[in-house]
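**Student:**
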Amino acid sequence: MSQTSRTQGPIAESNTVSTAKLPILPDLLTPVKKRLLDAQLVASGYLSRSPPPAPTRLDVYDFDGTLFASPFPNPKLWDAMLIGALMVEDVLGSGWWRDLASLDLGEKDKLRKTGWEGWWREDIVSLVRDSMEDADTMTVLLTGRRYHPFHAIVPEILSAKGLQFDLLGLRPDPKVPDGGSDVLGVTVEFKLAFLTNLLLTFPTLREVRMWEDRAPHVEKFEKFLKVWEEEGRLAGVEVHYVPEATNRMEEEWELGVIKGILEKHNEKVEARGQDTKKGVKAGKEPIGVAEEEEMGAQDGLSLAKFAGGAFSALEKIKSSKVELDVIPQFTAILLDRESVRTLLGIMLPLCTPPLSTDTANNGTWKLGHADQVVVCAGKATENELSMLGGIGATVKMRVTAIGQWRSRVWAAAVEGLDPNPKAPLAGRLVSRNKYAHITLAYNPAAGGKRAEGHHVTDWKLVPETVNVTLTGTVFMHNALGIGSMQRPMQQEKKEVSIGRLVMVCHPEFKGAAIGRACAEVAKEMERRGVANEAGNEEAIEAIVRGIVLE
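All residue numbers for the sequence shown refer to my numbering, where the first residue is 204 and numbers rise by one.
1. By how many angstroms is the C-alpha of L295 removed from the C-alpha of R730?
2. Does the Cβ-Cβ distance between G686 and E526 come in under 7 Å?
3. I need the DSSP call for I605, collapsed to helix, strand or coil.
4. Out of A615, R719 and T233, which one is the CA nearest neighbour of E392?
5. In the DSSP output, which residue or residues are listed as bridge partners for N681?
6. Measure from the alpha carbon of L553 to the alpha carbon of each residue in P377, E741, R301 and V602, then state which is nearest.
7. Which term fits D666, buried or exposed, when burial requires 16 or more other beta carbons within 10 angstroms of its beta carbon?
8. How should L752 be labelled, buried or exposed, when 16 other C-beta atoms within 10 angstroms of its C-beta is the threshold for buried?
9. Just mark L517 as buried or exposed, buried being the case when its beta carbon has 16 or more other beta carbons within 10 Å.
10. Between the region 319 to 332 and the region 254 to 272, can you find at least three pairs of beta-carbon atoms closer than 8 Å?
11. Could you tell me which residues DSSP puts in a beta bridge with G575?
12. According to DSSP, is L570 part of a helix, a strand, or is it coil?
13. In the structure shown, what three-state DSSP assignment does T407 receive?
14. Relative to the C-alpha of V440, which residue among S253, G248, K426 and V677 is closest?
15. By Cβ distance below 8 Å, which residues in the same chain neighbour I356 in space, the five residues on each side in sequence not counted?
16. Quick one: is T672 buried, meaning 16 or more other Cβ sit within 10 Å of its Cβ, or exposed?
17. Under 6 Å Cβ to Cβ from G581, same chain only, skipping five residues before and after it: list those, please.
18. Kindly identify the DSSP beta-bridge partner or partners of G372.
19. Mind reading off the beta-carbon distance from L538 to T660? Whole number of angstroms is fine, and I expect it under 8 Å.
20. Short of 7 Å in beta carbon distance, which residues of its chain neighbour L280, apart from the five on each side in sequence? Order them along the chain.
21. Where does the unbroken beta strand (DSSP E) through K237 begin, and where does it stop?
22. Nearest to H640 by CA position, among N623, G463, V577 and S610, is which residue?
23. Would you check if the distance between the CB atom of N636 and the CB atom of H658 is smaller than 7 Å?
24. Between G248 and T404, what straight-line distance do the alpha-carbon atoms span, to the nearest angstrom?
25. Per DSSP, I641 is paired with what?
26. Is it right to say K696 is buried, meaning 16 or more other beta carbons lie within 10 angstroms of its own, or is it exposed?
27. Count Cβ pairs between the region 587 to 598 and the region 618 to 638 that sit closer than 8 Å; are there 3 or more?
28. Within 10 angstroms of its Cβ, does S253 collect 16 or more other Cβ (buried), or is it exposed?
29. Do you know offhand how far L408's Cα is from R609's?
30. Is it right to say L588 is buried, meaning 16 or more other beta carbons lie within 10 angstroms of its own, or is it exposed?
31. Residues in the same chain with beta-carbon distance under 8 Å from G309, minus the five sequence neighbours each way, listed in chain order, please.
32. In the region 413 to 485, which residue ranges form an unbroken beta strand (DSSP E) of at least 3 residues, counting only runs that do not cross its ends?
33. What do you get for K480, buried or exposed, if any count of 16 or more other CB atoms within 10 angstroms of its CB means buried?
34. Please classify K663: does DSSP put it in a helix, a strand, or coil?
35. How far does the beta strand (DSSP E) with D262 in it reach, from first residue to last?
36. Cα separation between T317 and G365?
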């Protein structure tokens, strides 16, 4: 049998399979999508094997966050506004998950020699090797990363680890390196189309197993595959949720990577002739920014998904040369190590379910940093700093209650203790949050985020026998961000940046949610008669922190 007949046979047969009761929506696997996916399958060489493959099990592994601990811009180094601009497509380059820079992890020769040591989820690697050794299993890597530009680097990374997949499922659209159209939708739509095509192409498949780090995707895959199982096309379905793993680039290396992205952006702007000699401050408009736990998404945030102020801010950045500057992120009280140990050791067992510092026993729950009480976004006012005792002052407090929100996050409420009058630099607890608190743990599988501690209202007083006294130091966290943009001079606004407050106070909001939150804040400000003026920043932040989007 010729290679052509072997490669065309299964694909041709897939068109004759009855799909009347199967979960195949008209737009899920259109002829255009199928042609792309069929071409990818043929190019893999899997269909050309002799004898022709007839797999009975399909094992599908996600790449970023599941098999490979891919990094994203470190929130400790970069301002939220800059991270947002980096993550969105076609603002500062192609967008993080479509930029080769996202896999520029260090000196390439060293990485090759070590097989990208330190970047792997070794437990998932072991599962992949087991799948590879089973002759009846088709082993697939399925990722939202595109063929262009990752068709060389991803196989190289896998090969260095000795991982050989039967099919490497990079997104095949667009078909050309520069330009071209997206036809496969967001990541989950691409993956569902991909799965559908394989299930139709290989009717011998009786079992599907998947490993995925994004809880919403896990839910959709389970629902999708269960229909195939209920209709008798599959005998077994397993979709494993894998808590996302991410690693950090070395800080100096990451500084170089991000600066390289900005330099390329500035060169493009200059080539377009859109820069001027005038400079204005940035950061006055809201931008949707994913929280750290959500940055692993490769859905390709685009400008089209933003509206109002967020859109104009991104457009401004896109058309301007940018420069880095130090930007205050938040003011907080940082607990000392002994206080953190005491807090976690006593309070975690009081959670439901009981948690511990041994993370292996916590199921899908992750520990919060549990090392700080946030005072406010950005700089504290002079009055707040005076009460705090100034940057570097010691503040004492005690835990008064423990609470949770929607089984997504646990936090400990604290109240201030009188400062030691003999201490050279001591202050009192101050926080713009309704309840000064410390996040203990959060549950990503339930949609929980570390930053959601301020949502907790279901508080229970700790028993009188529990006495947790904590000591911390006042500090202000700074990060590098977009400090200036070279564009025609515009009048500097004196209003409070509601968008920036929303981003810092609610990092769980992203995209259109930023605009909705800003609108809700504006309505509440109007109801309370709070004008958008610099002198009302504390009152406005209190309104922002109280916003809850369903």
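Every residue, glycine too, gets a C-beta built ideally from N, C-alpha and C. For clarity, every value in this text was computed on a predicted model and none was experimentally measured.
**Tutor:** Quick answer:
1. 38 Å
2. yes
3. strand
4. T233
5. P531
6. V602
7. The sequence given here has Pro at residue 666, not Asp. Its Cβ having fewer than 16 others within 10 Å, P666 is exposed.
8. exposed
9. buried
10. yes
11. First, the amino acid is wrong: residue 575 is Gln here, not Gly. Looking at the DSSP assignment, Q575 forms a beta bridge with L537.
12. strand
13. coil
14. K426
15. L303 and L306
16. exposed
17. P531
18. L345
19. Not confirmed; about 23 Å, so no contact.
20. E454, E457, A682 and L683
21. Premise fails: K237 lies in the alpha helix (DSSP H), P234 to S247, not in any beta strand (DSSP E).
22. V577
23. no
24. 15 Å
25. A615
26. In this prediction, K696 has a pLDDT of 46, which is less than 50 and means its spatial position is unreliable; what the coordinates show is noted afterwards. Exposed, by the Cβ-count rule.
27. yes
28. exposed
29. 39 Å
30. buried
31. M452, E453 and W456
32. 439 to 444 and 482 to 484
33. Unreliable positioning characterises K480 in this predicted model, as indicated by a pLDDT of 44, which lies under 50. The coordinate reading is nonetheless provided below. By the neighbour-count rule (16 or more Cβ atoms within 10 Å), K480 is not buried but exposed.
34. strand
35. R260 to Y264
36. 12 Å
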